[in-house]
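J.: Numbering (mature numbering (1 follows the signal peptide of the UniProt record, and there is no 0)), first residue to last: -25 to -1, 1 to 143. Yeah, the Cβ is synthetic: ideal placement off N, Cα and C, and Gly gets one too. Just so you know, these numbers come straight off a predicted model, no measurement behind them. Below are the structure tokens for one structure; questions will follow.
Printed below as a string of structure tokens:
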């Protein structure tokens, strides 16, 4: 069973190959690279595993959305980050970016994250089905940012022309 991503999103990022990869302004010279695959894990040890695709509740036919693995040993699904301006090839703090799960598609649905208001009871959640790139009014819900949060990082929904909202 998986829990829905409703807790504060303060995460460490790990490289697809499993070796720890520093994030943005960390002490190591390694940077997050456009097109490289990463896992997102909870920064607080013991607070669950990585992020992956899942459905809400017992209804497995519902559209997939972003969930956190309950098992701390599960890394979740690999993902890539695509900034609004990918020219320099690195991901920087506080810039608009798309997040995409890099998994084999089980449907025709895109695996790009988007902020969704699936049901009033659950409030806003991160779903998939977003559009990569193409900034504009029709894709506003597809843009996120990585921001420094104490000694770690968090994801926020904050297209540069909108009011900032933590994903919590």
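#1: Where residue 49 and residue 13 are concerned, what is the direct C-alpha to C-alpha distance, given to the nearest angstrom?
#2: Less than 8 Å between the beta carbons of residue 45 and residue 10, yes or no?
#3: Pull up the distance between the alpha-carbon of residue 57 and that of residue 86, whole angstroms please.
#4: What residues in its chain sit with their C-beta under 6 Å from that of residue 59, if we drop five residues either side in the sequence?
#5: Quick check: the Cα distance between residue 75 and residue 40, rounded to an integer number of angstroms?
#6: By alpha-carbon positions, which one of 7, 47, 28 ends up nearest to residue 21?
#7: Suppose you measure from the CA of residue 64 to the CA of residue 7; what does that come to, to the nearest Å?
#8: Would you grab the beta carbon distance between residue 66 and residue 15 for me? Rounded to a whole angstrom, and I think it's under 8 Å.
#9: From the DSSP output, read off the bridge partner residues of residue 127.
T.: The relevant details are as follows:
#1: 14 Å
#2: no
#3: 13 Å
#4: 71, 110
#5: 12 Å
#6: 47
#7: 9 Å
#8: Not a contact, Cβ separation roughly 13 Å.
#9: 124
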